[in-house]
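Visitor: Let me give you the structure first, and then I'll get to my questions.
In the working numbering, the protein residues as written are 732 to 861.
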């Protein structure tokens, strides 16, 4: 019986080429578990490098699927979060605090150099706590 079970496991889960990644994406989309549960179980089942490779493939597939969905159906807001540039004058409470002044100067410099956050909605969803 164990041999039969191992053959079925190998048939569906033993190779990256035959593995149905949509099953793993379903786990990612479950708000109770997200990436944590998937990472935990894959590292228990497979060796570390194989699990990391599988996780990156799943995340890439999910991102590709979302981008295709967004291109087809669009949305009123962009799928990427952009940092808006700060105004030229710092807020009143920044002038009193040296740490705030330094942060405000960094923020101005980073937006002047074209820095924008490229965190997608998928990344924000997966990074939020369950």
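Cβ coordinates follow ideal geometry from the N, Cα and C atoms, glycine included.
Between which two residues does the alpha helix (DSSP H) containing residue 860 stretch?
Guide: By one-based count along the chain shown, residue 860 stands at place 129. Residue 860 -> no alpha helix (DSSP H), and no H or E assigned at all.
Visitor: Going by CA-CA distance only, name the one from 757, 762, 750 that's closest to residue 858.
Guide: By 1-based counting over the chain shown, the position of residue 858 is 127. For the residues 757, 762, 750, the minimum Cα distance to residue 858 belongs to 762.
Visitor: Which residue marks the beginning of the alpha helix (DSSP H) containing residue 732, and which one marks its end?
Guide: Position 1 of the chain shown, counted from the start, is the residue given in the question as residue 732. Unbroken run through residue 732: none, as it is neither H nor E.
Visitor: Decide yes or no for the touch test of the region 793-800 against the region 770-779: beta carbon pairs closer than 8 Å, at least 3 of them.
Guide: The region 793-800, when compared against the region 770-779, does not touch it at the 8 Å Cβ threshold.
Visitor: Straight-line CA distance for residue 745 to residue 781?
Guide: Your numbering for residue 745 matches position 14 in the chain shown. Your numbering for residue 781 matches position 50 in the chain shown. When rounded, the distance between both Cα atoms is 11 Å.
Visitor: Give me whichever residues DSSP pairs with residue 803 in a beta bridge.
Guide: If you number the chain shown from 1, residue 803 lands on position 72. BP columns for residue 803 are empty, so no partner.
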